[in-house]
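Reading through the structure tokens given below for one structure.
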Amino acid sequence: MAQAQKQPRPKRRWSWLDHVEEFVCAFLLVGFVSLMFAQIVSRQLFHYTILWADELATHMFVWFAYFGAVVAARLSAHNRVTFQFTFFPPIVKKVSEGLADLIWVAFNLYFAWLSIDFIFFRMNRFWSSQTLGLPMKYFYLVLPVAFVLMSVRILANDYRVLIKGEALKDPEQAEIERLAHQHHEE
């Protein structure tokens with residue numbers, strides 16, 4: 002009996018960005034955890050404090066959180082209240098969710114614009130971090146970058162749902178269904 006061959010998954014236009022976002026998150030996670038571990042070891046064993054480690058780890062954590070939000074937007078895994086949409090006909094549900102996403106995108110883009118305005122036009126250009134001595138604008142750049150990338154992801158998911166008719170599932174829900182199916186087969 003021949004096994005059914007899996008069809009290769011078609012490459013999406015933004016697939017290279019999927020991996021970049023995940024790489025950035027992984028790099029930041031490993032970076033700030035390693036810095037904090039080195040700081041603890043240095044303090045406990047050598048009674049020496051790495052002055053800049055806490056500050057850099059904090060900034061890396063903030064960047065990690067924002068890029069994690071971008072990955073969550075890509076996976077359509079952000080928490081949202083959708084219970085009220087279950088009572089609507091399917092087309093009204095899709096349109097309502099699409100409108101809610103457009104409001105979300107509008108907020109994101111407005112916040113990105115405010116961030117750019119602050120970073121490049123209102124922020125004192127001499128503000129620098131306490132121990133690293135780097136201009137603070139480099140740390141604040143995560144705001145417009147993350148909010149624009151989140152908007153791109155939200156719009157891409159809406160395109161996939163509203164135009165292409167794909168059904169996106171929350172990764173946790175998909176895993177629960179997979180485990181339930183696997184348990185049922187046993």
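Okay, so the sequence shown: first residue is 2 according to this note's numbering, each after it adds one.
From the three backbone atoms N, C-alpha and C, an ideal C-beta is built for every residue, glycine too.
When burial is assigned at 16 or more other CB atoms within 10 Å of the CB, is residue i buried or exposed?
{"i": "S16", "result": "exposed"}
{"i": "H60", "result": "buried"}
{"i": "D159", "result": "buried"}
{"i": "A39", "result": "exposed"}
{"i": "K7", "result": "Below a pLDDT of 50, predicted positions are generally treated as unreliable, and K7, at 45, falls in that range; the measurement from the model is reported next regardless. Its Cβ having fewer than 16 others within 10 Å, K7 is exposed."}
{"i": "L57", "result": "buried"}
{"i": "I164", "result": "exposed"}
{"i": "E22", "result": "buried"}
{"i": "D102", "result": "buried"}
{"i": "I177", "result": "exposed"}
For residue i, which residues from the same chain have a beta carbon less than 7 Å from its beta carbon, with the 5 sequence-adjacent residues on both sides left out?
{"i": "F86", "result": "K94, S97 and E98"}
{"i": "A70", "result": "A147 and M151"}
{"i": "G32", "result": "M61"}
{"i": "A5", "result": "At A5 the pLDDT is 45, less than 50, meaning the model places this residue with poor confidence and gives no usable figure here."}
{"i": "H184", "result": "none"}
{"i": "L133", "result": "W53, E56 and L57"}
Bridge partners of residue i, per DSSP?
{"i": "S129", "result": "P136"}
Rounded to the nearest angstrom, what separates residue i and residue j at their Cα positions?
{"i": "F24", "j": "E186", "result": "35 Å"}
{"i": "K90", "j": "L76", "result": "Note that residue 90 is Pro in the sequence shown here, rather than Lys. Cα to Cα, P90 sits roughly 25 Å from L76."}
{"i": "N109", "j": "L46", "result": "45 Å"}
{"i": "N80", "j": "A181", "result": "22 Å"}
{"i": "F51", "j": "L36", "result": "For the sequence presented, residue 51 should be read as Ile rather than Phe. Cα to Cα, the separation comes out at about 9 Å."}
{"i": "P172", "j": "F127", "result": "44 Å"}
{"i": "V162", "j": "R179", "result": "21 Å"}
Give me, in chain order, the residues of the same chain whose beta-carbon lies closer than 8 Å to that of residue i; leave out the 5 immediate sequence neighbours on both sides.
{"i": "M124", "result": "M137, K138 and Y141"}
{"i": "C26", "result": "F65, F68, G69 and V72"}
{"i": "S129", "result": "L135, P136 and M137"}
Going by beta carbon distance, what residues of the same chain come within less than 6 Å of residue i, once the five residues before and after it are set aside?
{"i": "A113", "result": "P145, F148 and V149"}
Is it a yes or a no for the segment 152-167 touching the segment 129-139, going by three-plus beta-carbon pairs under 8 Å?
Segments in contact, no.
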